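Visitor: First to last, the protein sequences are chains A and B. The opening residue of the first sequence carries number 5 in our numbering; numbering runs sequentially from there. The opening residue of the second sequence carries number 5 in our numbering; numbering runs sequentially from there. Below is the structure I would like to discuss, written out as structure tokens.
Number of protein chains: 2
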Amino acid sequence: MKMSDGVEWAVHCCVVLTAASGPVPAARLAQFHDVSASYLAKHLQALSRAGIIASVQGKDGGYRLTRPADEVSVLDIVEAVDGARPAFVCTEIRQRGPLASPPEACTRPCGVLRTMAAADEAWRASLRATFVADLARGMDEQYGVGAMEPARAWLAAPH
Amino acid sequence: MKMSDGVEWAVHCCVVLTAASGPVPAARLAQFHDVSASYLAKHLQALSRAGIIASVQGKDGGYRLTRPADEVSVLDIVEAVDGARPAFVCTEIRQRGPLASPPEACTRPCGVLRTMAAADEAWRASLRATFVADLARGMDEQYGVGAMEPARAWLAAPH
DNA sequence: GCCGAGCTACTCGGATAGTTCTTGTCCGAGTCAATGAGG
DNA sequence: CCTCATTGACTCGGACAAGAACTATCCGAGTAGCTCGGC
Chain A
5 MKMSDGVEWA
15 VHCCVVLTAA
25 SGPVPAARLA
35 QFHDVSASYL
45 AKHLQALSRA
55 GIIASVQGKD
65 GGYRLTRPAD
75 EVSVLDIVEA
85 VDGARPAFVC
95 TEIRQRGPLA
105 SPPEACTRPC
115 GVLRTMAAAD
125 EAWRASLRAT
135 FVADLARGMD
145 EQYGVGAMEP
155 ARAWLAAPH
Chain B
5 MKMSDGVEWA
15 VHCCVVLTAA
25 SGPVPAARLA
35 QFHDVSASYL
45 AKHLQALSRA
55 GIIASVQGKD
65 GGYRLTRPAD
75 EVSVLDIVEA
85 VDGARPAFVC
95 TEIRQRGPLA
105 SPPEACTRPC
115 GVLRTMAAAD
125 EAWRASLRAT
135 FVADLARGMD
145 EQYGVGAMEP
155 ARAWLAAPH
């Protein structure tokens, strides 16, 4: 019941990409956050497959957001990196053992699964309500308006 | 982001214990659900450590619920078996890299953590609202009133 | 017939290997921009 | 001065090991009930 560390990296990268004026290479995003470049690349590829970011090949290429930041929910990122499968998988325990329920009586999911699924949906709904744009705004509120400007400049400056 | 399979077993065991008239050995619970006895024992020990069930030693011993079934929430079981730590752990990425925020500016948790924590709390609240007694009632509603009676008889019968 | 010590069998509890999944890394295919020559 | 082919370097993308967590298992410590002998 542990979420992949890559989720945190991916979310921060999306927030940073909000401030970028052009495509940003994966290596520079890794340097910005001081994390493993190779491993971050793996997660950025997942975001790319999910259609959240798009890759620009060749020189001066990199990644950029495909949609406006207020249309990318945190849930989108979590599902792209960590998988969209629910955390709980029902193994149909009720159909096993000496008092197994017959399959024809198990058309409706069992109570345990229903409870877990409801909790999972509540979790997803909460993540679906927050967007990358909200997180970027939170930066400004916490560190002062214009807090993203140094990031934009750093990303644009040559290294 | 996958929940331990033992959680499902533990919840079902708690529901079955609702129908039991006395202590039930771990081996019999395993036989009832057709799962590994050794591994189920591990999870029952976790429930025991959490105070959800109590062990009775010696002959005719086993496990029994310590509280009424309407006072044991599904969240209690999940936290006992799978751990109470939140799924998302913030590694304070904002304090790393060339544009790291100074520690004195990070008294409040960052926006990503706040979002994840809120979702985690929504998930927990949902699980906290369902009790073992509700699941037992669901059995009766789905399979007919008195559906738990054969289970009680099977647990009491000698093997 | 009643009591008690001893014993047996059964219970849980924690320490111990095997396996799957996540983490972390690498090199190759593809692509865009810059460059230099030619018209 | 403008156009175009060539070159070059930089980008992503998927395939490849290492480590950790989960899964599964075993045997030892402890306890309650039963048995048998004595009173």
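Note that the Cβ used here is the ideal one computed from N, Cα and C, for glycine as well. Treat the numbers as computed from the prediction; the structure is a model and nothing was measured.
What is the DSSP secondary structure of B:S25, counted as helix, strand or coil?
Guide: Three-state DSSP puts B:S25 in coil, outside helix and strand.
Visitor: Can you list the residues of chain B that A:E12 reaches, using a CB-CB cut of under 9 Å?
Guide: Those are F92, V93, C94, T95, I97, V116, L117 and M120, listed as they occur along chain B.
Visitor: By DSSP, does A:V11 sit in helix, in strand, or in coil?
Guide: Correct three-state label for A:V11: helix.
Visitor: From the DSSP output, in three-state form, read off B:L103 for me.
Guide: Note: B:L103 maps to coil in three-state DSSP.
Visitor: Measure the Cβ-Cβ separation of A:G178 and A:P27 and say whether it is below 8 Å.
Guide: Outside the shown range of chain A (5 to 163) lies residue 178 of chain A, about which nothing can therefore be said.
Visitor: Cβ of A:C17 within 8 Å of Cβ of B:E12?
Guide: It is not a contact, given that the beta carbons lie outside the stated cut-off.
Visitor: B:V60 lies in the beta strand (DSSP E); which residues open and close that run?
Guide: It spans I57 to V60 - the beta strand (DSSP E) in which B:V60 sits, taken as one unbroken run.
Visitor: Taking CB distances under 8 Å as the criterion, tell me whether A:A23 reaches chain B.
Guide: A:A23 does not count as touching chain B.
Visitor: Can you tell me the Cα-Cα spacing of B:T22 and B:A73, whole angstroms?
Guide: In a straight line, the C-alpha of B:T22 is about 7 Å away from that of B:A73.
Visitor: With three or more C-beta pairs closer than 8 Å as the rule, is the stretch 81-97 of chain A touching the stretch 117-133 of chain A?
Guide: The answer is yes - the stretch 81-97 of chain A touches the stretch 117-133 of chain A, with three or more Cβ pairs under 8 Å.
Visitor: Using a cut-off of 8 Å between C-beta atoms, extract the partners of A:D80 located in chain B.
Guide: Simply none; closest approach about 13 Å.
Visitor: Of the residues B:A104, B:L79, B:A24 and B:E75, which one's Cα is nearest the Cα of B:W158?
Guide: Minimum Cα distance to B:W158 is reached at B:A24.
Visitor: According to the Cβ coordinates, are B:A30 and B:L51 closer than 8 Å?
Guide: It is not a contact, given that the beta carbons lie outside the stated cut-off.
Visitor: So, using beta-carbon positions, are B:G115 and A:M143 closer together than 8 Å?
Guide: Going by C-beta atoms, B:G115 is nearer than 8 Å to A:M143.
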